[in-house]
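Colleague: Got a structure here, written out as structure tokens. Questions coming.
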Amino acid sequence: MDVALGAAVRIRRRTIGMSQEALAEQCGVSFQQIQKYENGANRISFSRLVQIARALRCRVVDLMDVLDTPAGEGDVDLLSRMRTPGALELLSAFERPPQEARSSLVNLLRVMTDPDAGQRARQKEVA
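The numbers in the numbering used here rise by one with no breaks, and the one at position 100 of the sequence shown is 94.
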């Protein structure tokens, strides 16, 4: 759970473009402490979590949503994927276009990663 919560903090921080140093300054801790929180090496107390949420301009529950699944299993995997270089930038850019364009982007990515996906999509259109 500590790893999942720390990953949620990191994702939120990076999504809004805040550095570890800036978050640390707003919370009154060192940036090394923020690193430890984000890596799950140190537990985040509830009072510190409230400070972090305020600094990240979100609600505590937004950071804790990751803990809502049994043992946070599915979300931990998702959060670990968000560490992939470019994943946060892609997610941030993905929110901008209209829904139709986003659907086209998802289909394009499916075709790029699964050669048979294009054929299945064409079969659906014909049916």
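Note that beta-carbon positions come from the ideal geometry of N, C-alpha and C, so glycine has one too.
Please read these numbers as outputs of a predicted model, since none were measured by experiment.
With DSSP collapsed to three states, give me the class of Arg7.
Modeller: Note: Arg7 maps to helix in three-state DSSP.
Colleague: Over what stretch of residues does the alpha helix (DSSP H) that includes Arg124 continue unbroken?
Modeller: This structure leaves residue 124 out entirely; the chain is present only between -5 and 121.
Colleague: Would you grab the beta carbon distance between Asp(-4) and Arg37 for me? Rounded to a whole angstrom, and I think it's under 8 Å.
Modeller: 5 Å between Cβ atoms; contact.
Colleague: Tell me which residue opens and which closes the alpha helix (DSSP H) that Asp59 is part of.
Modeller: Premise fails: Asp59 is in no alpha helix (DSSP H) and is neither H nor E.
Colleague: For the stretch 46 to 56 against the stretch 17 to 24, do three or more pairs of beta-carbon atoms, one drawn from each stretch, fall closer than 8 Å, so that the two count as touching?
Modeller: They touch, by the three-pair rule.
Colleague: What residues in its chain sit with their C-beta under 8 Å from that of Arg96, if we drop five residues either side in the sequence?
Modeller: Excluding sequence neighbours, Arg96 sits near Phe88.
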